[in-house]
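K.L.:
Attaching a single structure in structure tokens format; questions to follow.
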Amino acid sequence: MKTAFATAVVAFLALTVPASAEISGDVVKIGVLNDMSSLYADISGPGSVEAARMAIADFGGAVNGKKIELISADHQNKPDIGSAIATQWFDNDGVDVVVDVPTSSVALAVQEVARNKGKVFLISGAAASDLTGKACSPTSVHWTYDTVALANGTGSAVVKAGGDTWFFITADYAFGHALERDTAKVVEDNGGKILGKVRAPLNTADFSSFLLQAQSSKAKIIGLANAGGDTINSIKQAAEFGIVEGGQKLAGLLVFITDVNSLGLQTANGLQLTEAFYWDQNDETRAWSKRFFEKMKRQPSMVQAGVYGSVMHYLAAIKATGSDDGPTVVKQMKATPVNDFMTKNGKIRDDGRLVRDMYLFEVKKPSESKGPWDYYKQIAVIPGDEAFKLPGPSQCPLVKG
Amino acid sequence: MAESGRWKWVLATILVALALAAPFILYPVFIMEALCFALFACAFNLLIGYVGLLSFGHAAFFGSAAYITAHTVKVWGLPPELGILAGAAVAALLGTVFGWLAIRRQGIYFAMITLALAQMVYFVALQARFTGGEDGIQAVPRGKLLGVVDLGGTLTMYYFVLAIFLIGFAVIVRAVHSPFGQVIKAIRENEPRAVSLGYDADRYKLLAFILSAGLSGVAGSLKSLVFQLASLTDVQWTMSGEVVLMTLVGGLGTVLGPVVGAFLLTAMQHYFAQLGSWVTVVQGVIFVFCVLVFRRGIVGVIASYAAGSRNPPGISETAATGAKPAEPRTAAAPGAP
Amino acid sequence: MFDWLHLTIPPAPAMFAQLLVGLINGAFYAMLSLGLAVIFGLLNIINFTHGAQYMLGAFCAWFLLNTLGLGYWSALILAPIVVGVVGILIERLLLRHIYGLDHLYGLLLTFGLALIIEGVFRQQFGSSGQPYAIPPELQGGRNLGFMFLPNYRAWVIVASLVLCLTTWFTIERTRLGAYLRAATENPVLVQAFGINVPRMITLTYGAGVALAALAGVMAAPIYQVSPLMGSNIIITVFAVVVIGGMGSILGAIVSGFALGLVEGLTKVFYPEASNTVIFVIMALVLLVKPAGFFGRAS
């Protein structure tokens, strides 16, 4: 209770400090909020915190003479917890920007809080395109990837490569439906056909029944519109049932390198997926990833790389404007092109979406891999404008026309 | 007896005064959250402490009311008081159905059935369109109480939450001390005898269940307005487990126990949120500790110290199953109370 | 609203495939509810920790493989022993103290233990799964004409049937089983006959836990080895047990397999409901026959 008392006193005092067009509280405080212990801990988790730390160090530890501080917390993939932590951070702890937040439901909740308080929100982990659509906010930047890009990437690239008949195994919840719907549209627009779909409850342990249905549909491509454990289970069990040997291919609509790591190449080879970053793409990515690997003993995911990029860009914007006021900084971020080890000539749209190139990868066979984490071969580059092209007019009120 | 009665009034006045001043001392959102859970725990305690039925599925009532209120307030534009009524009504309805099914069995079976039924509600919430699945229902407006009082401000909302809590609490206290409460306690102590006296035990148990469910619903509705969010966490079995823990720690069958337990556990979650999964471990340890050595809970222990030789509350050893006590495993004297 | 019903009934071969696949899931339900039934039968305790112990078995197998290089076959024997010993410790140190109390305290205690075990593992491993490969002897599959049946899944059905029937036989038809059943009815008398009842109880709990761990080892290659695997399945198993009737070993086995089949069929016709169908059946059974199909009315 003493802690609470002290916190409340500080909060009371903090409330009396007027907002100003300067760096508030003499400190730029960055809060990395993500999943530290559960489903998405590997793609974000402590790795994202480290990435943010690297960005702060590379920036020099201070901006315009004010120190940069970093805190982090675990939202446990629960919107209540995420929004409570964000509220507390903004109200009581002087946090200026929240970074990362995987799990779209949490990101949507935190975006609401950030919007109401005029604080910046840099999204790297979450995927929902609604974040820059219906729910868009003038103080948010959606950095790394979203469901539109995944659909455009995997959907169109796979169809163009000959996979023109599809069967979907979809996780039966809003995110799965959205992923399926977006990808199905892209497939059909590119001349493909959807032969069937089945909705599996979320966190299904056993996909054998659904895989059998996919097998009997004889579709060339089995699209996995699910995430996390469901994706891993479906891929693992598909290998058991000889799906790939039988001639069908799996298209993972949301797969991260950490998933491939946990499946192993024996099981996952041949899987096609879209990501925004891979550690082994070029010299720049290799150099950055080597630094990351030294600290974390694993290669970075695109989410973690995105945290670094977004924080660097944010700090640069503060330096340029001399203020850490939310809308001002984000406006500056939108006005400046993004160029770092991960993104070349990226531009942030009015709705907050960073438009950047995406890449179609295929998982290597065990014989093709030269060592741990050597998992992907790059099949295609999907230019940013194509990847993030919206299926219809933008739903975001910030976008004029 | 008049002595203890007066003491109770003094204690009550002090606590209410503290509650009125609290938002100026502590973080108000924290206290509001704790009050919602306190009401939830008190409603739950009605069932376990006084009727002797351990329900492991109370999250179904809490969560479904949260969803209903969130939906009616956000999509239908109902004012908050009607939203809460709607939530509570749905929770009570659900309580009627679940109670009717579950009361057919006793003790452990009752617990397992309530758990399984609540799990069903969770799966429905996961898939139904209006609940928003994983996203939950977000940006729930707090609206204007009675069309007049804007609940957007933290302080106003706090006093509203406090008022609802006190009303709910009063209802529970009144129910416990009423003739209805006496019959309930009689059924808990010795069901066959109560039946032989002409009381329809099942009907009373069901009524208590519905009351408990309805008030849990009020707590859930309140929570969705405080956080302006209704999500899957509210209907998960972990939520059911938490309310059991709160009541156990605070003291089963005591009036203030659940409140103390709720505040304690909410504080723990708030201030240890950084520790992630360790919170679960700590909760498990507290469960084990309470069951082994601390069955009376905090308030139970205080009460027994204050009262000297009076029998401490807790799950009555003989009563909760309505059947004979757990069979002794060694040659201990059978039927020991 | 009615577009959910897949009105095209799949051809017979595909149906057989689905039934077979459902049977495999049923095998796990049967093994787990068997363990619960055995423990409840003698100790009158609902072992909420059962799910966590199932998870421990899977993790033990994973650990044996990754640290000691011991494969699946050794794990099938070692993991249940290790976890069984843990179970015995739990019984000796913790459960023993609450036998004289209301049954509900047993539920609360085992619930707390489940939280502890799961929390510790979640802290250590996160919630994502650890990979565990199918043992090389059982990889690949057989084309049965109507489906491609992976060898491992065929093994699961056979092994679990053997296990369940052996357990049933031991309890219902052997002398040891007779002692156990007698001790359930009247421990004082059985003790008077010179049989060490407390030791029997401890070993029984250990055996039930070992059963759960064995199910965990068998699950490791096909489901994910994750700290959450126990809590995901335990509540469904509770429903299975309510449907089958608590006191009955045979009831647990039959309902486990049967409900696996029902769930499998649901996945074909109305997959969105496949995780709730067992609970719906439970509700129906409660209306009609509260003691469960094989249960004795208490």
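Chains as they are written, first to last, in my numbering: chain A, 888 to 1288; chain B, 108 to 444; chain C, -8 to 289. Glycine included, C-beta positions come from ideal geometry on N, C-alpha and C. These figures come from a predicted structure and were not determined experimentally.
1. Could you name the residues of the segment 164 to 184 of chain B whose beta carbon sits closer than 9 angstroms to any beta carbon of chain A, in the order they occur along the chain?
2. Taking Cβ positions only, does Y1262 (chain A) come closer than 7 angstroms to chain B?
3. State the DSSP-derived secondary structure class of H1029 (chain A), mapped to helix, strand or coil.
4. G947 (chain A) CB to nearest chain C CB: under 7 angstroms?
5. Answer with yes or no whether the minimum CB distance from L233 (chain B) to chain A is below 7 angstroms.
6. Residues of chain A with CB closer than 7 angstroms to the CB of E241 (chain B), please, in chain order.
7. Going by CA-CA distance only, name the one from A:A971, A:E956, A:I955 that's closest to H962 (chain A).
8. In the DSSP assignment, what are the bridge partners of N152 (chain B)?
9. Under 7 angstroms between the Cβ atoms of V85 (chain B) and L100 (chain C)?
10. By DSSP, does T1057 (chain A) sit in helix, in strand, or in coil?
11. Looking only at its chain, what residues have a beta carbon closer than 6 angstroms to the beta carbon of Y45 (chain C), apart from the 5 residues adjacent to it on each side?
12. So is Y174 (chain B) buried or exposed if we call it buried at 16+ other beta carbons inside 10 Å?
13. Pick helix, strand or coil for D257 (chain B), following the three-state DSSP scheme.
14. Quick one: what's G1306 (chain A) bridged to in DSSP?
15. Just list the residues that DSSP pairs N921 (chain A) with in beta bridges.
16. Determine the extent of the alpha helix (DSSP H) in which E128 (chain C) is found, giving its start and end residues.
17. Mapping DSSP to helix, strand and coil, what is F54 (chain C)?
18. Can you list, in chain order, the residues of its chain with a C-beta nearer than 8 angstroms to that of V386 (chain B)? Leave out the 5 residues immediately preceding and following it.
19. Residues of chain B with a CB under 7 angstroms from the CB of P293 (chain C): which are they?
20. Answer yes or no: does any C-beta atom of chain C fall closer than 7 angstroms to that of L1247 (chain A)?
21. Output needed for V914 (chain A): all residues of its chain with C-beta closer than 8 angstroms, excluding positions within five of it in sequence on either side, in chain order.
22. Examine chain B for any beta-carbon lying closer than 7 angstroms to the beta-carbon of T58 (chain C), and answer yes or no.
23. Hey, could you find the ends of the alpha helix (DSSP H) A173 (chain B) is sitting in?
24. Give a yes or no on whether the minimum CB-CB distance between S1281 (chain A) and chain B is below 7 angstroms.
25. At 7 angstroms on the CB atoms, spell out the chain A contacts of S319 (chain B), in chain order.
26. Here's the rule: buried if 16 or more other CB atoms are within 10 angstroms of the residue's CB, otherwise exposed. What is N1169 (chain A)?
27. Give me, in chain order, the residues of the same chain whose beta-carbon lies closer than 7 angstroms to that of S423 (chain B); leave out the 5 immediate sequence neighbours on both sides.
28. Comparing C-alpha positions only, which one of B:G358, B:G368, B:Y412, B:F370 sits nearest to R494 (chain B)?
29. Run through chain A and tell me which residues come within less than 7 angstroms of G255 (chain C), C-beta to C-beta.
30. So the candidates are C:G136, C:L59, C:Q130; which of them puts its Cα closest to the Cα of V147 (chain C)?
31. If distances are taken between C-alpha atoms only, which option among A:N979, A:V1007, A:F977 comes closest to D1212 (chain A)?
32. Could you check whether A1163 (chain A) and M1189 (chain A) sit closer than 7 angstroms to each other, using their CB atoms as the reference points?
33. Apart from the five residues just before and just after G442 (chain B), which ones in its own chain have a Cβ nearer than 6 angstroms to its Cβ?
34. Could you pull the DSSP bridge partners for G1139 (chain A) from this structure?
35. Establish whether the CB of E109 (chain C) and some CB of chain A are separated by less than 7 angstroms.
36. Thinking C-beta only, is A326 (chain B) closer than 7 angstroms to L201 (chain B)?
P.N.:
Judging by the given coordinates:
1. Those residues of the segment 164 to 184 of chain B that come within reach of chain A (Cβ to Cβ, closer than 9 angstroms) do not exist; the list is empty.
2. The sequence position of residue 1262 (chain A) within the first sequence is 375, counting from 1. No, its Cβ sits nowhere closer than 7 angstroms to a Cβ of chain B.
3. Counting from one through the first sequence, the residue named residue 1029 (chain A) turns up at place 142. Residue state, collapsed to three classes: strand.
4. Taking the first sequence and counting its residues from 1, the one referred to as residue 947 (chain A) is at position 60. With 7 angstroms as the cut-off, G947 (chain A) does not count as an interface residue toward chain C.
5. Position 126 of the second sequence, counted from the start, is the residue given in the question as residue 233 (chain B). Yes, because at least one Cβ of chain A sits closer than 7 angstroms to the Cβ of L233 (chain B).
6. Along the second sequence, read from residue 1 onward, the residue named residue 241 (chain B) stands at position 134. Within chain A, the residues near E241 (chain B) are S992, Y1060, A1061, F1062.
7. Stepping through the first sequence from its first residue, residue 962 (chain A) is reached at position 75. Out of A:A971, A:E956, A:I955, A:A971 has the C-alpha closest to the C-alpha of H962 (chain A).
8. Here residue 152 (chain B) refers to the residue found at position 45 when the second sequence is read from its first residue. N152 (chain B) pairs with nothing; no bridge assigned.
9. This structure does not reach residue 85 (chain B), given that chain B is present from 108 up to 444, and the question cannot be answered.
10. Counting from one through the first sequence, the residue named residue 1057 (chain A) turns up at place 170. If DSSP states are grouped into helix, strand and coil, T1057 (chain A) belongs with the strands.
11. Counted from its first residue, the third sequence places residue 45 (chain C) at position 54. Correct list, in chain order: A203, A206, G207, G221.
12. As a working mapping, residue 174 (chain B) is identified with position 67 in the second sequence. Buried.
13. Counting from 1 along the second sequence, the entry for residue 257 (chain B) is found at position 150. Assignment of D257 (chain B) by DSSP, reduced to helix, strand and coil, places it in the strand class.
14. A query on residue 1306 (chain A) cannot be resolved here, the shown segment of chain A reaching from 888 to 1288 and no further.
15. Residue 921 (chain A) sits at position 34 when you count from the first residue of the first sequence. Residue pairing by DSSP puts N921 (chain A) in a beta bridge opposite A:D961.
16. As a first step, residue 128 (chain C) is located in the third sequence; it is residue number 137 there, counting from the start. Element bounds for E128 (chain C): n/a, residue is neither H nor E.
17. Within the third sequence, the letter at position 63 stands for residue 54 (chain C). It is helical.
18. Locating residue 386 (chain B) in the second sequence gives position 279, where the first residue counts as 1. Answer for V386 (chain B): M375, Q376, F379, A380, listed in chain order.
19. Within the shown structure, residues of chain C are numbered from -8 to 289, placing residue 293 (chain C) beyond reach of any answer.
20. As a first step, residue 1247 (chain A) is located in the first sequence; it is residue number 360 there, counting from the start. The Cβ of L1247 (chain A) sits no closer than 7 angstroms to any Cβ of chain C.
21. On the first sequence, position 27 is the one that residue 914 (chain A) refers to. Within the same chain, V914 (chain A) has close Cβ partners K953, K954, I955, E956, G981.
22. Residue 58 (chain C) sits at position 67 when you count from the first residue of the third sequence. With 7 angstroms as the cut-off, T58 (chain C) does not count as an interface residue toward chain B.
23. Walking along the second sequence from the start, residue 173 (chain B) turns up at place 66. That run of the alpha helix (DSSP H) goes 166 to 181.
24. Numbered from 1 along the first sequence, position 394 holds the residue referred to as residue 1281 (chain A). By this cut-off, S1281 (chain A) is not an interface position.
25. Indexing the second sequence from 1 puts residue 319 (chain B) at position 212. Residues of chain A passing the Cβ test: none, with the nearest at roughly 23 angstroms.
26. One-based indexing of the first sequence puts residue 1169 (chain A) at position 282. The residue is exposed, with fewer than 16 neighbouring Cβ atoms inside 10 Å.
27. The count along the second sequence starts at 1 and reaches residue 423 (chain B) at position 316. Legend: pLDDT at S423 (chain B) = 48, less than 50; position of this residue unreliable, value from coordinates given subsequently. Hits under 7 angstroms: G159, R295, E296.
28. Since the first residue shown for chain B is 108 and the last is 444, residue 494 (chain B) is missing from the structure and cannot be characterised.
29. Here the question's residue 255 (chain C) lines up with position 264 in the third sequence. Chain A residues near G255 (chain C): S1096.
30. On the third sequence, residue 147 (chain C) is found 156 positions in, with the first residue counted as 1. Answer by Cα proximity: C:Q130.
31. Locating residue 1212 (chain A) in the first sequence gives position 325, counting from the first residue. With distances taken between Cα atoms, D1212 (chain A) lies closest to A:V1007.
32. Working through the first sequence from its first residue, we reach residue 1189 (chain A) at position 302. Working through the first sequence from its first residue, we reach residue 1163 (chain A) at position 276. Yes; because the gap between Cβ atoms is below 7 angstroms, this pair is in contact.
33. Reading the second sequence from its first residue, position 335 is the one you call residue 442 (chain B). Low per-residue confidence applies at G442 (chain B): pLDDT is 31, beneath 50, and the placement is therefore not dependable, though the value from the model is reported in the following sentence. Cβ within range, chain order: n/a, list empty.
34. Start at 1 with the first residue of the first sequence, and residue 1139 (chain A) comes out as number 252. In the DSSP output, where bridge partners are listed per residue, G1139 (chain A) has A:L1111.
35. Taking the first residue of the third sequence as position 1, residue 109 (chain C) is located at position 118. Chain A contact via Cβ: absent.
36. One-based indexing of the second sequence puts residue 201 (chain B) at position 94. One-based indexing of the second sequence puts residue 326 (chain B) at position 219. No, the Cβ-Cβ distance between L201 (chain B) and A326 (chain B) is not below 7 angstroms.
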